[in-house]
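In the numbering used here, the protein residues as written are 13 to 183. For every residue, glycine included, the Cβ atom is placed at its ideal position computed from N, Cα and C.
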């Protein structure tokens with residue numbers, strides 16, 4: 013069973029979606045939401061290293077940072093396996109995109125880095141997703157800059173998630 017709460021981004025000063033999915037071994041969980049302003053980033057880059065995209069989906073978000081502080085992006089199937097393994101999910105789409113459908117277990121929230129810091133540890137393994145993969149990449153970069161170490165971006169975002177027919181829900 014999944015639960016949820018919300019946040020707002022200090023970077024974009026706009027509302028967003030931040031979901032944290034329930035870990036199977038926990039009795040309760042909190043899902044949070046936040047939103048980032050869209051900007052002109054190019055298409056998401058898929059970065060692979062020994063800690064992500066491994067055979068059997070034994071990926072770990074720890075160490076998924078290139079020396080420049082760029083987050084690792086993984087395909088949605090890998091992200092889904094990470095969620096099943098207990099990683100948390102951070103959705104940075106607009107409220108309208110979120111209302112149209114979202115990964116199971118999320119609700120809306122009004123703040124970002126400050127609130128994320130209150131709800132997540134700096135070493136928590138967090139998967140960041142948006143509609144197409146651009147905003148989540150920006151959010152993941154901001155989280156890395158804020159000292160979070162277990163950040164993984166979803167390449168292709170929610171659009172790729174639904175195309176792959178992974179679990180979703182509607183409000």
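Beta-carbon separation (whole angstroms), residue i vs residue j, contact threshold 8 Å
| i | j | result |
| --- | --- | --- |
| residue 83 | residue 164 | 7 Å |
| residue 183 | residue 111 | 5 Å |
Three-state secondary structure (DSSP) of residue i
| i | result |
| --- | --- |
| residue 107 | helix |
| residue 146 | helix |
| residue 116 | coil |
| residue 84 | strand |
| residue 178 | coil |
| residue 184 | Residue 184 lies beyond the stretch modelled for the chain, which goes from 13 to 183, so this question has no answer here. |
| residue 171 | helix |
Beta-carbon proximity of residue i to residue j, cut-off 8 Å
| i | j | result |
| --- | --- | --- |
| residue 104 | residue 180 | no |
| residue 138 | residue 88 | no |
| residue 170 | residue 143 | yes |
| residue 174 | residue 98 | no |
Buried versus exposed call for residue i [16 or more other C-beta atoms within 10 Å across all chains shown]
| i | result |
| --- | --- |
| residue 189 | Here the chain comprises residues numbered 13 to 183, so residue 189 is not present and cannot be evaluated. |
| residue 134 | exposed |
| residue 81 | exposed |
| residue 109 | buried |
| residue 96 | exposed |
Beta strand (DSSP E) segment containing residue i, residue limits
| i | result |
| --- | --- |
| residue 162 | 162-166 |
| residue 141 | 137-141 |
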